[in-house]
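Undergrad: If you're matching positions, the sequence shown starts at 1 in the UniProt record's numbering and goes up one per residue. Just passing along the structure, written as structure tokens.
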Amino acid sequence: MTDKLIIFDTTLRDGEQSPGASMTRDEKVRIARQLERLKVDVIEAGFAASSDGDFAAISAIAQVIKDSTVCSLARANEKDIGRAAEALKAANSKRIHTFIATSPLHMEKKLRMTPDQVFEQAKAAVRFARNHTNDIEFSPEDGYRSEVDFLCRVIEAVIAEGATTINVPDTVGYAVPELYGNFIKTLRERIPNSDKAVWSVHCHNDLGMGVANSLAGVKIGGARQIECTINGLGERAGNTSLEEVVMAIKTRKDYFDLAVGIDTTQIVPASKMVSQITGFVVQPNKAVVGANAFAHASGIHQDGVLKARDTYEIMRAEDVGWAANKIVLGKLSGRNAFKQRLQELGIELETETELNDAFSRFKALADQKAEIFDEDITAIVGNNAEEASDYYRFVSLSQRSETGERPFSKVIFKSGKEEFVSEAEGNGPVDATLNAIESKVKSGAEQLLYSVNAITTGTESQGEVTVRLAKGGRIVNGVGTDPDIVAASAKAYLAALNKLHDPSQHKLNAQMTV
Ligand SMILES: CC(=O)SCCNC(=O)CCNC(=O)[C@H](O)C(C)(C)COP(=O)(O)OP(=O)(O)OC[C@H]1O[C@@H](n2cnc3c(N)ncnc32)[C@H](O)[C@@H]1OP(=O)(O)O
Ligand SMILES: CC(C)C(=O)C(=O)O
Ligand SMILES: [Mg+2]
């Protein structure tokens, strides 16, 4: 029968130990509710004895959480355990997690206790905690750097006292997967009453191996609880990340053969909430919850994914709470991905030539900006349709603006096969550009509006400029787009002039000097 793997979330305790990640009581309650929606088995809500604020947060969480077990950390002493018990009083299901360090280094230098004293204190703590609940977790802190014989002695004793979960922390992220897995296996094999407790792993990410070590602890060591945090938040380099271990267990069920009760569709909402509350931004290439985790940017991958998603996706974006996977259009994209996006946008290009032209324009734009958004595509295709009937066409622009100097602009544009070079100064680079064009065209149109707008987010986005001109009772709008807003302004001005253009005036325009 497939075993169940218990997911113990410690975002609100070890996660909060990330420098700068402290949370208010209400924020902790919000996250706890999301963890319950995620269906984590245990929520470690904090360390009740650490402050009145944390005590209040744990109490509030204990009152509102109904499905998950609520847990508080406590040092191996009566005061801390008493505080934890008090904070957890209202919980439907509660756990006290008590710990004491067992490595020679920690015992001697930090606790300043002999191994025998630590042994006795660990036993006494578990015994005391039993007065408050039957669900007791014991952690030998820095367990992985502890001497095996001593650790076996302590763990056997605390199980005998009633500890129901034995958690073996790699407190400083020193372990490597195979060794950590075997360490847990050895402990379980050597401790006579080891089967009376659930074995748990708690790994830190100092060498980037938190997830790998946790999975080895499960696969090799036989642990059945993983302690983890949303986004891998936690002390120093963080803890094992929940989203990664959960999706590894689910995606590689063929290998792990374990069941997890997590509602994976709540993973991304949980990640976003934790990131927003703590201000810890999730790196784009973070597994599962990073913005790029399901994004495809290169043509060959995009083509594959459009034909069959599993060519390049081992999980479904929707299964972890993303709305969908993403085909990111950019300079590495191919024709198939471009065509597909046009279809999704309801844009129909009638001929293969039109498609090829639009694709060339798209590639040219993609060379100038990293990501092409839907609005860019609409603009590309829109510009193209207009261009066929354009009388004036923008070619290029150069401009100079220096503090204290009047900006200067040189614009090259075409009418038919003729090319015009126009130059002017102005109050700003845009004014200089429009003056330059007007100096050649001499439309005499009145400018009613000029507006600039970033089509997409970020400073690398395309600027969209609208110019409204009035002449002879007609009012026209010209729109131009370009990553350079001065060039977008020139295009918009020329587009408006095109709309004003009267074919009978061809002669006048043809007289323009180059
Ligand atoms: C690996 C981990 O993540 S462990 C959890 C880490 N989390 C925290 O530390 C939570 C926040 N901590 C705090 O708010 C405070 O440190 C408190 C309230 C817990 C203790 O504060 P203080 O009483 O001022 O002690 P301080 O933090 O300076 O030192 C820790 C003391 O606890 C002792 N101690 C450390 N671990 C344990 C333990 N597991 N069991 C019993 N005593 C312990 C230390 O030896 C030291 O004792 P000393 O004062 O006699 O030298
Ligand atoms: C308190 C224990 C479980 C801990 O966080 C650690 O050892 O890293
Ligand atoms: Mg820890």
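For every residue, glycine included, the Cβ atom is placed at its ideal position computed from N, Cα and C.
I'd like the span of the beta strand (DSSP E) that includes A470, first residue to last.
TA: Counting along the chain, the beta strand (DSSP E) containing A470 begins and ends at G463 to K471.
Undergrad: H301 by DSSP, collapsed to three states: which one?
TA: It is helical.
Undergrad: Three or more C-beta pairs under 8 Å: does that hold for the segment 329-347 against the segment 372-382?
TA: The segment 329-347, when compared against the segment 372-382, does touch it at the 8 Å Cβ threshold.
Undergrad: Does the count of Cβ pairs from the segment 43-51 and the segment 72-85 closer than 8 Å reach three?
TA: Yes: the two stretches touch, three or more of their Cβ pairs being nearer than 8 Å.
Undergrad: Given that a residue counts as buried once 16 or more other Cβ atoms are within 10 Å of its Cβ, and exposed if not, what is L365?
TA: So L365 ends up on the buried side.
Undergrad: Would you mind working out which of G346, E344, L345 and I377 sits nearest S360, comparing C-alpha positions?
TA: S360 has its Cα closest to that of I377, out of G346, E344, L345 and I377.
Undergrad: So, is Y255 buried or exposed, given that buried needs 16 or more other C-beta atoms within 10 angstroms?
TA: The residue is exposed, with fewer than 16 neighbouring Cβ atoms inside 10 Å.
Undergrad: Under a CB-based cut-off of 8 Å, is R130 close to chain C?
TA: Going by chain labels, chain C is absent from the structure shown, which holds only one protein chain.
Undergrad: Is V29 near I61, with beta carbons less than 8 Å apart?
TA: Contact: yes.
Undergrad: With 16 as the cutoff for other CB atoms within 10 Å, does L449 come out buried or exposed?
TA: Classification of L449: exposed, given that the 10 Å Cβ count is below 16.
Undergrad: Among the residues of its own chain, which have a CB less than 7 Å from the CB of V281, if the five just before and after it don't count?
TA: Closer than 7 Å at the Cβ level, and outside the excluded window around V281, lie S275.
Undergrad: In terms of alpha-carbon separation, which member of A308, L497 and A432 lies closest to S443?
TA: When each option's Cα is compared against that of S443, the closest is L497.
Undergrad: By the three-class DSSP mapping on this structure, what secondary structure does N356 have?
TA: N356: helix per DSSP, three-state reduction.
Undergrad: Who are the near neighbours of H506 in its chain, counting only those whose CB is closer than 7 Å to its CB and skipping five residues on each side?
TA: Bear in mind that a pLDDT of 37 at H506, under 50, signals an unreliable position, so the number given afterwards is only what the model happens to contain. Closer than 7 Å at the Cβ level, and outside the excluded window around H506, lies no residue.
Undergrad: With DSSP as the reference, label K442 as helix, strand or coil.
TA: Residue state, collapsed to three classes: coil.
Undergrad: Cα-Cα, which of Y392, L179 and P284 is closest to H501?
TA: Among Y392, L179 and P284, the Cα nearest to that of H501 is on Y392.
Undergrad: Between which residues of its own chain and S22 is the CB-CB distance below 7 Å, once the five residues before and five after are set aside?
TA: If we look at S22 and ignore the five residues flanking it on each side, its Cβ neighbours are E16.
Undergrad: Please state whether DSSP places P115 in a helix, a strand or coil.
TA: The answer is helix: DSSP assigns P115 an H, G or I state.
Undergrad: Express the C-alpha separation of I300 and L342 in angstroms, rounding to a whole number.
TA: Cα to Cα, the separation comes out at about 18 Å.
Undergrad: What three-state label does DSSP hand residue 529 in the structure shown?
TA: It is not possible to answer for residue 529, since the shown part of the chain is limited to 1 through 514.
Undergrad: Under a Cβ-count criterion, where at least 16 other Cβ atoms within 10 Å of its own Cβ denotes burial, should D195 be classed as buried or exposed?
TA: Classification for D195: exposed.
Undergrad: From which residue to which residue does the alpha helix (DSSP H) around S59 run?
TA: Per DSSP, S59 belongs to the alpha helix (DSSP H) from D52 to V64.
Undergrad: So, are the CB atoms of T98 and F138 less than 8 Å apart?
TA: Yes, Cβ-Cβ distance for T98 and F138 is below 8 Å.
Undergrad: Going along the chain, which residues of its own chain have a beta-carbon closer than 8 Å to the beta-carbon of N384, five neighbours each way excluded?
TA: Because the pLDDT at N384 is just 49, under 50, the model does not fix this residue reliably, and the value given afterwards should be weighed accordingly. Correct list, in chain order: E354, D357, A358 and R361.
Undergrad: From R95 to L5, what does the alpha carbon distance come to, in whole angstroms?
TA: Approximately 17 Å between the Cα atoms of the pair.
Undergrad: Just to confirm the assignment: which complete beta strand (DSSP E) runs, minimum length 3, are found wholly within the segment 152-189?
TA: The segment 152-189 contains these whole beta strand (DSSP E) runs: 165-170.
Undergrad: Check whether the segment 121-139 touches the segment 161-176, taking contact to mean three or more Cβ pairs, one atom from each stretch, closer than 8 Å.
TA: Yes: at least three Cβ pairs fall under 8 Å.
Undergrad: Less than 7 Å separating the Cβ of H204 from some heavy atom of ligand 3?
TA: Yes, Cβ of H204 sits closer than 7 Å to a heavy atom of ligand 3.
Undergrad: Taking only the alpha-carbon atoms, compute the straight-line gap between M1 and T278 and give it to the nearest angstrom.
TA: Rounded to the nearest angstrom, the two C-alpha atoms are 40 Å apart.
Undergrad: Using only the heavy atoms of ligand 3, determine whether one of them is closer than 7 Å to the beta carbon of P19.
TA: False, no ligand heavy atom lies under 7 Å from that Cβ.
Undergrad: If you draw a straight line from the C-alpha of A388 to the C-alpha of G404, how long is it?
TA: Confidence at A388 is low in this model, with a pLDDT of 42, below 50, so its placement is unreliable and no value can be given for it.
Undergrad: Is the CB-CB distance between residue 563 and T229 below 8 Å?
TA: The structure shown does not extend to residue 563, since the chain is modelled only from 1 through 514, so no value can be given for it.
Undergrad: Just verifying my parser: in three-state terms, what is the DSSP assignment at R406?
TA: Correct three-state label for R406: coil.
Undergrad: Let's test the definition: count the other Cβ atoms within 10 Å of the Cβ of Q283 and tell me whether it reaches 16, buried, or not, exposed.
TA: By the neighbour-count rule (16 or more Cβ atoms within 10 Å), Q283 is not buried but exposed.
Undergrad: So for S200, helix, strand or coil by DSSP?
TA: In this structure, S200 counts as strand in the three-state DSSP scheme.
Undergrad: Say yes only if the C-beta of T171 is nearer than 7 Å to one or more non-hydrogen atoms of ligand 3, and no if none qualify.
TA: Under cutoff, so the answer is yes.
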